[in-house]
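J.:
In my numbering, the protein residues as written are 7 to 311.
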């Protein structure tokens with residue numbers, strides 16, 4: 007599989023949901039990205055476009071990571087959800103720093119597991135959370151004000167994700183969809199001008215590729231939200247260190263007559279660690295609708311130990 011990096015530079019504030027409109031996070035998950043790409047495919051190509059995206063994943067031709075932060079040329083990955091032996095982590099003066107730590111630079115993954123990594127405050131300059139005031143424009147009525155939890159990235163900072171594809175054809179499909187999505191925006195309240203971005207595309211570094219292609223590891227970490235298929239689950243959780251998060255949301259479809267809620271779904275958070283690789287799946291989270299609603303839960307795994 008070929009791996010590349012999409013670096014997103016946001017034109018305005020973003021809203022990535024965390025359960026309430028008035029709050030938000032500074033990143034989006036792989037399932038959000040997959041849904042957004044499917045929505046663009048639906049707009050550009052009709053029902054066949056969305057089905058094509060589903061088949062690419064099911065056939066092992068497409069992989070997506072969660073979004074992760076970058077500052078300048080430094081790319082970060084989630085802090086592994088795994089027990090690490092090391093004097094620095096056990097020192098009382100460092101415990102608070104490690105507890106607050108969410109991401110580490112890719113280049114420091116080895117020192118993290120050797121116990122020599124020293125947390126820094128480099129991501130403090132990523133951006134700022136704030137409350138954004140908006141107004142819902144209603145026909146023949148007064149505008150209705152509301153507030154949105156927003157995040158604004160600093161200059162030269164933003165989010166990136168890793169794309170895995172089997173061929174140039176698949177790369178071209180995703181790039182066309184990303185071009186369309188950059189104007190639509192990703193996340194919530196795109197109709198209010200949030201979530202639009204410019205992007206650059208580059209090959210994944212040799213270091214990242216070596217981690218992604220490492221099949222001789224005792225610990226594998228997922229860079230995306232994921233969930234094992236029913237046939238895999240018992241084996242996958244054995245010896246694993248993971249965190250579950252609830253994923254929910256609403257169906258964004260031009261064919262839907264009204265706003266419909268997706269079925270709540272629990273999955274492994276990015277950074278969860280396992281003793282082996284697993285396939286995951288794309289799950290149907292429709293609430294008894296006539297057509298499926300897909301939740302992307304396929305892991306993009308790196309061998310880290």
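Glycine included, each C-beta is placed from N, C-alpha and C at the ideal position.
Note that the coordinates shown come from a computational prediction; the quantities given were computed from them, not determined experimentally.
1) By Cβ distance, which residues of its chain are closer than 8 Å to residue 196, with the 5 residues on each side in sequence left out?
2) Taking a contact to mean a Cβ-Cβ separation below 7 Å, would you say residue 248 touches residue 274 in this structure?
3) Checking 7 Å against the spacing of the C-beta atoms, do residue 34 and residue 71 come in under that value?
4) DSSP has residue 232 in a bridge; who is on the other side?
5) Is residue 110 buried or exposed, if buried means 16 or more other CB atoms sit within 10 Å of its CB?
6) Who are the near neighbours of residue 293 in its chain, counting only those whose CB is closer than 6 Å to its CB and skipping five residues on each side?
7) Under three-state DSSP, which class holds residue 55?
8) Checking the sheet assignment: what are the DSSP bridge partners for residue 154?
9) Exposed or buried, which one is residue 287 when buried takes at least 16 other CB atoms within 10 Å?
10) Hey, out of 16, 18, 38, whose CA is closest to residue 253's CA?
11) In angstroms with no decimal places, state the Cα-to-Cα distance between residue 84 and residue 200.
12) Taking just the CA atoms, how far does residue 170 sit from residue 45?
13) Quick one: using the 10 Å Cβ neighbour count with 16 as the cut-off for buried, is residue 204 buried or exposed?
14) With a threshold of 16 other CB atoms inside 10 Å of the CB of residue 9, please say whether the residue is buried or exposed.
15) What separation, rounded to the nearest whole angstrom, lies between the Cα atoms of residue 120 and residue 87?
16) Would you mind giving the Cβ-Cβ distance between residue 160 and residue 131, rounded to the nearest angstrom? I have them listed as a contact below 8 Å.
17) How would you write the range of the beta strand (DSSP E) that residue 118 sits in, first residue to last?
18) Can you tell me whether residue 312 is buried or exposed, with buried defined as 16 or more other CB within 10 angstroms of its CB?
19) Can you tell me where the beta strand (DSSP E) with residue 251 in it begins and where it stops?
T.: Per the coordinate set shown:
1) The count along the chain shown starts at 1 and reaches residue 196 at position 190. Apart from the 5 residues on each side of it in sequence, residue 196 sits with its Cβ closer than 8 Å to the Cβ of 190, 202 in its chain, given in chain order.
2) Locating residue 248 in the chain shown gives position 242, where the first residue counts as 1. Locating residue 274 in the chain shown gives position 268, where the first residue counts as 1. Cβ atoms of residue 248 and residue 274: closer than 7 Å.
3) Looking up residue 34 in the chain shown gives position 28. Looking up residue 71 in the chain shown gives position 65. No.
4) In the chain shown, counting from the first residue as 1, residue 232 sits at position 226. BP columns for residue 232 point to 274.
5) By one-based count along the chain shown, residue 110 stands at place 104. Classification of residue 110: buried, given that the 10 Å Cβ count is 16 or more.
6) Locating residue 293 in the chain shown gives position 287, where the first residue counts as 1. Excluding sequence neighbours, residue 293 sits near 269.
7) For the purposes of this step, residue 55 is identified with residue 49 of the chain shown, where counting begins at 1. Assigned with DSSP and collapsed to three states, residue 55 falls in helix.
8) Along the chain shown, read from residue 1 onward, the residue named residue 154 stands at position 148. Beta-bridge analysis with DSSP links residue 154 to 138.
9) Position 281 of the chain shown, counted from the first residue, corresponds to residue 287. Buried is the label assigned to residue 287, since at least 16 other Cβ atoms lie within 10 Å of its Cβ.
10) If you number the chain shown from 1, residue 253 lands on position 247. The option with the nearest alpha carbon to residue 253 is 38.
11) Your numbering for residue 84 matches position 78 in the chain shown. Your numbering for residue 200 matches position 194 in the chain shown. Linking residue 84 to residue 200 through their CA atoms gives a straight-line distance of about 25 Å.
12) For this step, residue 45 is matched to residue 39 along the chain shown. For this step, residue 170 is matched to residue 164 along the chain shown. Roughly 20 Å separates the two Cα atoms.
13) Position 198 of the chain shown holds residue 204. Classification for residue 204: exposed.
14) Position 3 of the chain shown, counted from the first residue, corresponds to residue 9. Result: buried.
15) Counted from its first residue, the chain shown places residue 120 at position 114. Counted from its first residue, the chain shown places residue 87 at position 81. Separation of residue 120 and residue 87 (C-alpha to C-alpha, rounded to the nearest whole angstrom) is 15 Å.
16) The residue labelled residue 160 in the question sits at position 154 within the chain shown. The residue labelled residue 131 in the question sits at position 125 within the chain shown. The C-beta separation of residue 160 from residue 131 comes to about 6 Å, placing the pair in contact by the 8 Å criterion.
17) Counting from 1 along the chain shown, the entry for residue 118 is found at position 112. It is not in any beta strand (DSSP E) - residue 118 instead sits in the alpha helix (DSSP H) that spans 115 to 120.
18) No answer is possible for residue 312: the residues shown for the chain start at 7 and end at 311.
19) Within the chain shown, residue 251 is the residue found at index 245, counting from 1. Run containing residue 251: 250 to 253, per the beta strand (DSSP E) assignment.
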